[in-house]
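Heads up: the sequence shown begins at 1016 in the numbering used here, then just goes up one per residue. Glycine residues also receive a C-beta, built at the ideal position from the N, C-alpha and C atoms. Remember, predicted model here, so these are calculated numbers, not experimental data. The structure under discussion appears below in the form of C-alpha cells.
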Amino acid sequence: MRNYAIDALNKNSALIIFRDSKNGFSSYPSITTSNSLIYEINNEEGAISDKVDPFSCFSDSETNSYLIDMFDSYSEIDKSKRMSYQNYIALIRSLLKKRGKSMRLNELINMSFEEVERLNSIVQMPESERNRNERFLNSFLPDVRELEAYFIYFSANMTGEILSGTKTMEKIFQSKDIIEINLDFTSKQKESEILMSVMIDNICKLNLAAANKAFVAVIANGVPNDVLIKTKFNKLIKNAHSCGVVYSVADITNLIEQSNEWIEYADSYFFFKQNSNKNKEFCSEFFGTYEKTKETRISGTSKPTIWAILNGQGSSSQQNSKSYTTEKERVYLPDVFASLPENQAIYYFKKTNEHSRLTVFK
C-alpha cells in the first residue's frame, strides 16, 4: 500500500485513505514526512478534525434526499413519513435560499418549527406558495419533534461536525495531496459508516480538473467487510477509468458471497496468510489447477506354463512396462495459504496470468 500511495502521489493523483483509526495504514510518516500535505478527517471522540462540504456536488433535490438517507442510516425512518420529512427539509432550505442564506448540517438544529413558520410569513413569494407551505406545516406539526431529534444528533456528534465544512473535495485537493479519513469502527461504527458512505459518493463525483489532479487513488485499510458492503465501496471498484483502488479484505469468501464484483474488477491480488478453512479453500480454488503427466511403471516376473517346463523350455522372465496418465493438480494447495509468513504474499496479475511469492511491506 505504501508503494502504491507513493506512486500515486508522484503521478499527481488525489490520494484518499480510509483507515481504521486503531490500526489502519497511515500516510504519516509512511508516505510523507510533512503533515502539511494531509487533510485529516477524524471521527474519534474528542479528536480535532478537518471538515468538508459534502453536499455542493449534489443538486438541491439530491441534497434533500441525501440528508434523509443519512438520517435513515442512523436510525430507520418510518417509510410512511419519509416523504414528509424530506419535504420539510426542502422547505427549510428553500426559504433560506430565498433569503440568500444556506445552512450546514450541524446548523439544522437552529431551525425550530416556529422559525420556519416565521420565515414563511416574511419571505417574498407568491401568496399561493405561502398558503401551500402553511397547509403543509400545519399537517407536519405532529411529526416535527421526531425529525428534530435527527437535527439534534447531527449537531452534537463528530460526524455532523465534519460534514458541516465549507471546503469541497475539489477545493481541498487544490492545496493538499492527501485526504486521510480516520474511522472509529470500535465505538462509532454507525457514524463511521455514514461518514465513509458520504465520502465515497463525493469521490464518485470528484471533478479532477477542478481539483488540479490527474487521477484519484483510494486506499481502504482495516475497514470491516460489512462496512465495505454497507457503504457501497464497490462503486469505486467499478469506476476504474478514473479511480484506482487498493483495499484489504479480512474475509474474502464473505464478500464474494455478496457479489463477484469484489474480485471481478480487480487487476492485481495479494493473498496473505489465511486462517479459516473456507478462505484457504477459496484461495486455492482461485488459482485453479494444472495438468500433470504421471508415469506408472509396472514390473513383474513371467512364469512358464507346465507344458513348457515338461518340454524343457520353461524359465522365468522379467517383464517391464510403462503407462502415462494425465491428472489435474491444484496450483496451490490450501495449506500453502495457511503457512505463509506474515510478511509474504502470493501475488497474482490478471492480465498476464502471472503469479509468484513476494515479500511485502504493508
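Extent of the continuous alpha helix (DSSP H) to which residue i belongs
i       : result
Asn1102 : 1094-1113
Ala1235 : Premise fails: Ala1235 lies in the beta strand (DSSP E), 1230-1236, not in any alpha helix (DSSP H).
Phe1285 : Looking at the DSSP string, Phe1285 is not in any alpha helix (DSSP H); the run it does join, the beta strand (DSSP E), is 1283-1286.
Glu1142 : 1142-1155
Tyr1054 : Element bounds for Tyr1054: not the alpha helix (DSSP H) but the beta strand (DSSP E), 1053-1057.
Ser1371 : Segment 1369-1374 is the beta strand (DSSP E) holding Ser1371; no alpha helix (DSSP H) there.
Leu1162 : 1159-1171
Tyr1019 : 1017-1025
C-beta contact flag for residue i and residue j at 7 Å
i       : j       : result
Glu1208 : Lys1245 : yes
Asn1038 : Leu1210 : no
Leu1123 : Phe1166 : yes
Pro1349 : Lys1307 : no
Val1233 : Val1264 : no
Cys1258 : Val1231 : yes
Phe1169 : Leu1243 : no
Glu1344 : Lys1309 : no
Lys1113 : Val1138 : yes
Thr1174 : Glu1206 : yes
Thr1183 : Ser1080 : no
Thr1311 : Ser1338 : yes
Asn1240 : Asn1269 : yes
Phe1040 : Asn1172 : no
Ser1336 : Ile1313 : yes
N- and C-terminal bounds of the beta strand (DSSP E) containing residue i
i       : result
Ala1226 : That residue, Ala1226, is in no beta strand (DSSP E); its alpha helix (DSSP H) goes 1223-1226.
Cys1219 : No beta strand (DSSP E) holds Cys1219; the alpha helix (DSSP H) holding it covers 1204-1219.
Arg1034 : 1028-1035
Gln1359 : 1359-1364
Val1264 : Val1264 -> no beta strand (DSSP E), and no H or E assigned at all.
Glu1122 : Neither: Glu1122 is in no beta strand (DSSP E) and is coded neither H nor E.
Leu1348 : Element bounds for Leu1348: n/a, residue is neither H nor E.
Asn1197 : 1193-1198
Straight-line gap, residue i to residue j (C-alpha atoms, nearest Å)
i       : j       : result
Gln1359 : Asp1035 : 22 Å
Asp1199 : Phe1188 : 24 Å
Thr1340 : Val1346 : 18 Å
Glu1149 : Ile1053 : 48 Å
Ser1042 : Ala1281 : 23 Å
Glu1357 : Arg1017 : 17 Å
Glu1279 : Gln1289 : 20 Å
Met1140 : Arg1133 : 14 Å
Met1098 : Lys1253 : 31 Å
Leu1373 : Leu1355 : 10 Å
Trp1277 : Ala1164 : 37 Å
Closest by C-alpha distance to residue i, when choosing among the options
i       : options                            : result
Lys1026 : Asp1192, Ala1265, Lys1250          : Asp1192
Glu1130 : Leu1106, Arg1372, Asn1121          : Leu1106
Ile1271 : Val1261, Ala1020, Asn1249          : Asn1249
Ile1177 : Arg1312, Glu1055, Asn1335          : Glu1055
Ser1127 : Phe1155, Ser1371, Pro1141, Leu1243 : Phe1155
Lys1186 : Ser1354, Leu1223, Thr1201          : Leu1223
Phe1302 : His1370, Ile1021, Asp1266          : His1370
Phe1073 : Cys1219, Gln1273, Asn1335, Ser1336 : Cys1219
Ile1267 : Asn1254, Asp1022, Leu1251, Asn1292 : Asn1292
Ala1353 : Ala1020, Phe1297, Thr1304          : Phe1297
Ser1202 : Leu1024, Ser1076, Glu1060          : Glu1060
Residue i CB to nearest heavy atom of the ligand FAD below 6 Å
i       : result
Phe1302 : Absence of the ligand FAD from the depicted structure is noted, as is the absence of any ligand whatsoever, leaving it without description.
For the region 1135-1145 and the region 1028-1042, state whether three or more C-beta atom pairs, one from each stretch, are separated by less than 8 Å.
no
Exercise. Report yes or no: do the region 1213-1220 and the region 1101-1108 share at least 3 C-beta pairs separated by less than 8 Å?
Key: no
* Between the region 1223-1234 and the region 1048-1068, do three or more beta carbon pairs fall short of 8 Å? -> no
Q.
Would the region 1147-1159 count as touching the region 1046-1056 if we require 3 or more Cβ pairs under 8 Å?
A. no
Margin query: Is it the case that the region 1349-1368 contacts the region 1283-1290, given that we only count it when at least three CB pairs across the two stretches are under 8 Å?
Written below: yes
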